[in-house]
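In this note's numbering, the protein residues as written are 5 to 193. Backbone N, C-alpha and C define an ideal beta-carbon position, used for all residues, glycine too. Down below is the structure, laid out as structure tokens.
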Amino acid sequence: MASLLAVFALITWQVVADGPLLAPDERAGHALAGRGPAALTELFTDLGNIEVAVPVLVCAIVFALLRGDRREPLYAALAMAAVPALVVPLKLWTDRQGPLTEATGYYPSGHTATSAVAYGAAAMLLVPYLRRSWPMPATAVLLTAATSIGLVLRGYHWPLDVVASWCLSGVLLAALWVLIRFGGRQPPK
């Protein structure tokens, strides 16, 4: 968790101070923007929309509640609520311009953080009820990766916006995992 925070702090410092990492980030962003089939990359970006990712988490929360879990669904909901609570002030503070627009407020990527936390938290809630647990976290990682790739290829975010959101989401998911693991979850019924 400390290494994720350190990388996040480094990237944030570079964004705020207009540091040397921004030039290669922007070159990479411009080189990647517009690549790939537009319909597919747009679909990938949509995986990070609140209207798509959060209902997946809500379904997992309802399932866990119906199975008798009480704390874990609350922890997952709090992790999801932390995303806008952290991302929105950071966007306002850093005021980073987007790749293909004059508009600002693009750092860190809210879509990436939303997808990572929603799908990751849903996986954590559902894994105890599956015979084979590996597909659930793998699916969460793939959905988040697809979202991230789509955002960069569509030119909606710089690569560092996405990497910073991975770090921030990783911290939230690690905290959620600790709460679920050591917060008193009962064995599946």
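Could you tell me the alpha carbon to alpha carbon distance between residue i and residue j, rounded to whole angstroms?
i    : j    : result
V60  : I15  : 30 Å
A10  : L172 : 10 Å
T116 : G52  : 6 Å
A6   : L180 : 15 Å
A27  : V175 : 27 Å
Please name the residue, chosen from the options, that lies closest to residue i on a Cα-to-Cα basis.
i    : options               : result
V19  : A57, P77, M84, V167   : V167
Y123 : L36, L9, T148         : T148
G187 : A57, I153, D73, A85   : D73
V58  : V182, A37, A127, L183 : A127
V62  : P24, A178, E46, A81   : A81
Y133 : A64, P103, G114       : A64
G109 : L70, V156, T98, A150  : T98
What does DSSP give as the partner residues of residue i in its beta bridges?
i    : result
T108 : Q101
Answer with buried or exposed for residue i, where buried requires no fewer than 16 other C-beta atoms within 10 angstroms of its C-beta.
i    : result
A105 : According to the sequence shown, residue 105 is Thr rather than Ala. When all chains shown are included, T105 counts as exposed.
P77  : buried
P112 : buried
S152 : buried
R100 : buried
G3   : Because the chain spans 5 through 193 in this model, residue 3 falls outside it and cannot be assessed.
V87  : buried
L44  : exposed
W138 : exposed
P163 : buried
H34  : exposed
W17  : exposed
What are the boundary residues of the alpha helix (DSSP H) that includes residue i?
i    : result
M140 : 139 to 157
S113 : Neither: S113 is in no alpha helix (DSSP H) and is coded neither H nor E.
A21  : 6 to 21
G33  : 26 to 36
V62  : 54 to 70
W181 : 163 to 186
D50  : 42 to 50
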